[in-house]
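K.L.:
First the structure, which I've put down as structure tokens, then a few questions once you've had a look.
2 protein chains.
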Amino acid sequence: MRQTKILMAKRTIHRKAQIHRKAQGFRWEGVDELPYKEDDRALFKAITRQVLFSDPDMHAELRYFEMQPGGFSTLERHEHMHAVLILRGRGHCLVGSEVKPIETRDLVTVPPLTWHQFRATEGEPLGFLCMVNATRDKPQTPSAEDLAKLYADAKIAAFLRSEPDSK
Amino acid sequence: MRQTKILMAKRTIHRKAQIHRKAQGFRWEGVDELPYKEDDRALFKAITRQVLFSDPDMHAELRYFEMQPGGFSTLERHEHMHAVLILRGRGHCLVGSEVKPIETRDLVTVPPLTWHQFRATEGEPLGFLCMVNATRDKPQTPSAEDLAKLYADAKIAAFLRSEPDSK
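Protein chains in written order, with my numbering: chain A, 11 to 177; chain B, 11 to 177.
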């Protein structure tokens with residue numbers, strides 16, 4: 011019982027501190043800016059992550075990812091879905107076999123087990139919100155065989171070479 | 011088995027159609043703009059809702075609410091939480107006993123069972139994203155006694171009269 015009270019008090023304090031968090035541009039009060047992943051294979055470039063909402067009572071999390079001009083997110087797939095809203099800038103995304111130009115406020119749905127990647131244009135940063143289930147599987151990165159299959163599609167190959175408009 | 015195949019095909023078709031949805035200002039392709047609620051008591055003013063992401067495989071939904079200048083959302087509370095990111099404009103919010111000025115990109119967390127309301131300034135629309143659990147309880151609106159308690163706080167009373175800066 012005492013334990014419960016302490017936990018509730020902690021939860022209340024924790025929440026009270028963060029009812030309103032001000033934005034300064036695309037950084038948020040009390041939110042750490044993190045490198046995208048601690049993964050030495052570096053299948054991504056110039057991208058950071060901020061976790062905007064994550065709470066034991068919420069069944070999903072809202073994160074903000076930002077890529078510097080020319081940067082890109084990891085090429086990956088997973089069972090869980092991504093619900094993405096572009097918050098800043100423009101670029102291209104690959105979802106399955108589709109390569110699409112993306113602009114501020116566009117919505118992108120990444121279905122289960124679908125290869126996907128986001129790439130910023132050269133001219134400006136690309137930032138997006140990404141909603142995911144709080145409980146989710148780990149991302150898979152492509153094997154050599156998976157990559158060969160992706161590169162076999164000329165449109166996808168151009169995207170992966172950061173030349174999505176060359177075709 | 012056949013049933014499963016049909017369901018999977020339907021799911022695929024449904025998803026394929028909405029991998030990328032373009033924004034036109036603060037309206038989205040394939041997303042209906044809905045009145046906030048079908049409730050005759052009209053405890054809100056000049057607000058619409060667009061459901062940006064809702065999927066059986068996602069444990070939360072992402073909605074966009076927009077209030078015209080001077081409009082406001084329902085004063086309510088519920089067990090489920092709200093995770094809010096201001097996408098457009100400015101205004102004030104009430105969360106529990108706190109009244110805060112809010113601006114584009116600010117974050118607002120509404121804890122469980124906490125009275126809350128969002129109000130647009132007179133000058134411009136206020137739009138915000140709101141993440142909620144897909145499975146959630148119905149909102150409660152204040153009783154006369156609840157309202158009396160809220161109005162007993164001068165800061166909250168000023169907010170409810172759309173005069174949050176008058177004190």
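For each residue, glycine too, the CB sits at the ideal point set by N, CA and C.
How would you label residue 94/A, buried or exposed, when you count the other beta carbons within 10 angstroms and need 16 or more for buried?
P.N.:
Sequence index remark: in the first sequence, residue 94/A carries index 84 (1-based). By the 10 Å Cβ count, residue 94/A comes out buried.
K.L.:
Using only CA atoms, which one of 107/A, 91/A, 56/A and 112/A lies nearest to residue 101/A?
P.N.:
In the first sequence, counting from the first residue as 1, residue 101/A sits at position 91. Residue 101/A has its Cα closest to that of 112/A, out of 107/A, 91/A, 56/A and 112/A.
K.L.:
Put residue 85/A into one of helix, strand or coil per three-state DSSP.
P.N.:
For the purposes of this step, residue 85/A is identified with residue 75 of the first sequence, where counting begins at 1. Residue 85/A: coil per DSSP, three-state reduction.
K.L.:
Could you confirm whether any beta carbon from chain B is found closer than 8 Å to the beta carbon of residue 127/A?
P.N.:
Locating residue 127/A in the first sequence gives position 117, counting from the first residue. With 8 Å as the cut-off, residue 127/A does not count as an interface residue toward chain B.
K.L.:
Does residue 61/B get closer than 8 Å to chain A when you measure Cβ to Cβ?
P.N.:
Within the second sequence, the letter at position 51 stands for residue 61/B. Taking 8 Å as the threshold, the shortest C-beta distance from residue 61/B to chain A does not fall below it.
K.L.:
Between residue 169/A and residue 128/A, how many whole angstroms is the CB-CB distance? I'm expecting something under 8 Å.
P.N.:
Here residue 169/A corresponds to residue number 159 of the first sequence, with the count starting at 1. Here residue 128/A corresponds to residue number 118 of the first sequence, with the count starting at 1. Contact doesn't hold; Cβ gap of about 10 Å is too wide.
K.L.:
Does the beta carbon of residue 119/B sit closer than 8 Å to a beta carbon anywhere in chain A?
P.N.:
On the second sequence, position 109 is the one that residue 119/B refers to. Interface residue (Cβ-Cβ distance to chain A less than 8 Å): residue 119/B is classified as such.
K.L.:
Buried or exposed: which applies to residue 137/A, given that a residue is buried once 16 or more other Cβ atoms fall within 10 Å of its Cβ?
P.N.:
The count along the first sequence starts at 1 and reaches residue 137/A at position 127. Burial call: buried.
K.L.:
So is residue 177/A in contact with chain B if we call contact Cβ pairs under 8 Å?
P.N.:
For the purposes of this step, residue 177/A is identified with residue 167 of the first sequence, where counting begins at 1. Unreliable positioning characterises residue 177/A in this predicted model, as indicated by a pLDDT of 44, which lies under 50. A coordinate reading is not provided.
K.L.:
Please check if any C-beta of chain A sits within less than 8 Å of the C-beta of residue 157/B.
P.N.:
On the second sequence, residue 157/B is found 147 positions in, with the first residue counted as 1. No, its Cβ sits nowhere closer than 8 Å to a Cβ of chain A.
K.L.:
Secondary structure at residue 113/B, three-state DSSP: helix, strand or coil?
P.N.:
By one-based count along the second sequence, residue 113/B stands at place 103. Looking at residue 113/B - three-state DSSP - the assignment turns out to be strand.
K.L.:
Am I right that residue 79/B and residue 133/B are in contact with their C-beta atoms under 8 Å? What's the rounded C-beta distance?
P.N.:
In the second sequence, counting from the first residue as 1, residue 79/B sits at position 69. In the second sequence, counting from the first residue as 1, residue 133/B sits at position 123. Here residue 79/B really is in contact with residue 133/B; their C-beta atoms are around 6 Å apart, less than 8 Å.
K.L.:
Using a Cβ-Cβ cut-off of 8 Å (strictly less than) and excluding sequence neighbours within five positions of residue 92/A, which residues of its own chain qualify?
P.N.:
The sequence position of residue 92/A within the first sequence is 82, counting from 1. Hits under 8 Å: 118, 119, 120, 126, 140, 141 and 142.
K.L.:
Taking 8 Å as the CB-CB limit, is residue 108/B close to chain A?
P.N.:
Locating residue 108/B in the second sequence gives position 98, where the first residue counts as 1. Yes, its Cβ sits closer than 8 Å to a Cβ of chain A.
K.L.:
Over the uninterrupted beta strand (DSSP E) stretch that includes residue 55/B, give me the two end residues.
P.N.:
Your numbering for residue 55/B matches position 45 in the second sequence. That run of the beta strand (DSSP E) goes 55-63.
K.L.:
The segment 63-77 of chain A: which residues have C-beta closer than 7 Å to a C-beta of chain B, in chain order?
P.N.:
Sequence-ordered contacts of the segment 63-77 of chain A with chain B read 63, 65, 67, 68, 69, 70 and 72 [C-beta pairs closer than 7 Å].
K.L.:
Counting only beta-carbon atoms, is residue 88/A nearer than 8 Å to chain B?
P.N.:
If you number the first sequence from 1, residue 88/A lands on position 78. Taking Cβ atoms only, chain B never reaches closer than 8 Å to residue 88/A, which makes this a no.
K.L.:
Quick one, which of 104/B, 144/B and 98/B has its alpha-carbon nearest residue 167/B's?
P.N.:
Numbered from its first residue, the second sequence carries residue 167/B at position 157. Checking every option, the nearest Cα to that of residue 167/B belongs to 104/B.
K.L.:
Grab the span of the alpha helix (DSSP H) containing residue 169/B for me, first residue to last.
P.N.:
Here residue 169/B refers to the residue found at position 159 when the second sequence is read from its first residue. Unbroken alpha helix (DSSP H) run through residue 169/B: 164-170.
K.L.:
Using 8 Å as the limit for Cβ to Cβ distance, is residue 23/B near chain A?
P.N.:
Within the second sequence, residue 23/B is the residue found at index 13, counting from 1. Confidence at residue 23/B is low in this model, with a pLDDT of 46, below 50, so the placement of that residue is unreliable and no value is reported for it.
K.L.:
Is the beta carbon of residue 110/A sitting closer than 8 Å to the one on residue 30/B?
P.N.:
By one-based count along the first sequence, residue 110/A stands at place 100. By one-based count along the second sequence, residue 30/B stands at place 20. Their beta carbons are under 8 Å apart, which means residue 110/A touches residue 30/B by this criterion.
K.L.:
Quick check on residue 115/A - is its C-beta less than 8 Å from some C-beta in chain B?
P.N.:
By one-based count along the first sequence, residue 115/A stands at place 105. So yes, residue 115/A belongs to the interface.
K.L.:
To the nearest angstrom, how far is the alpha carbon of residue 130/B from that of residue 70/A?
P.N.:
If you number the second sequence from 1, residue 130/B lands on position 120. If you number the first sequence from 1, residue 70/A lands on position 60. So the two alpha carbons sit approximately 27 Å from each other.
K.L.:
So residue 28/A contacts chain B; which residues on that side make the cut at Cβ distance below 7 Å?
P.N.:
Numbered from its first residue, the first sequence carries residue 28/A at position 18. Correct list: 119.
K.L.:
Between 156/A, 115/A, 74/A and 40/A, which lies nearest to residue 106/A when the distance is taken from Cα to Cα?
P.N.:
By 1-based counting over the first sequence, the position of residue 106/A is 96. Nearest option by C-alpha distance: 156/A.
K.L.:
Does residue 171/B have its Cβ less than 8 Å from a Cβ in chain A?
P.N.:
By one-based count along the second sequence, residue 171/B stands at place 161. By this cut-off, residue 171/B is not an interface position.
K.L.:
Which same chain residues end up closer than 6 Å to residue 64/B when comparing Cβ atoms and leaving out the 5 residues on each side of it in sequence?
P.N.:
For the purposes of this step, residue 64/B is identified with residue 54 of the second sequence, where counting begins at 1. Answer for residue 64/B: 71, listed in chain order.
K.L.:
Strictly below 8 Å CB to CB, what residues from chain A border residue 85/B?
P.N.:
If you number the second sequence from 1, residue 85/B lands on position 75. Within chain A, no residue comes near residue 85/B; the closest Cβ sits about 16 Å away, beyond 8 Å.
K.L.:
Shorter than 8 Å from the beta carbon of residue 19/B to some beta carbon of chain A?
P.N.:
Stepping through the second sequence from its first residue, residue 19/B is reached at position 9. Residue confidence for residue 19/B is low, a pLDDT of 49 falling below 50, so the modelled location carries little weight; the figure read from the coordinates is stated next. No - not a single Cβ of chain A is within 8 Å of the one on residue 19/B.
K.L.:
Can you tell me the Cα-Cα spacing of residue 77/B and residue 115/B, whole angstroms?
P.N.:
In the second sequence, the residue the question calls residue 77/B occupies position 67. In the second sequence, the residue the question calls residue 115/B occupies position 105. Using only the alpha carbons, I get a separation of about 16 Å.
K.L.:
Can you check whether the CB of residue 75/A is closer than 8 Å to the CB of residue 57/A?
P.N.:
Counted from its first residue, the first sequence places residue 57/A at position 47. Counted from its first residue, the first sequence places residue 75/A at position 65. Yes, Cβ-Cβ distance for residue 57/A and residue 75/A is below 8 Å.
K.L.:
Nearest to residue 150/A by alpha carbon, out of 43/A, 123/A and 40/A?
P.N.:
Mapped onto the first sequence, residue 150/A falls at position 140. Out of 43/A, 123/A and 40/A, 123/A has the C-alpha closest to the C-alpha of residue 150/A.
K.L.:
I'd like to know whether the C-beta of residue 123/B is nearer than 8 Å to at least one C-beta of chain A.
P.N.:
To locate residue 123/B, count along the second sequence from 1; it is residue 113. No, its Cβ sits nowhere closer than 8 Å to a Cβ of chain A.
K.L.:
Let me confirm a value: residue 85/A is counted as buried when at least 16 other C-beta atoms fall within 10 Å, else exposed. Which label applies?
P.N.:
What you label residue 85/A is simply residue 75 of the first sequence in a count that begins at 1. So residue 85/A ends up on the buried side.
K.L.:
Classify residue 157/A as helix, strand or coil using the three-state DSSP reduction.
P.N.:
Residue numbering aside, residue 157/A sits at position 147 when the first sequence is read from its first letter. Here residue 157/A sits in helix by DSSP.
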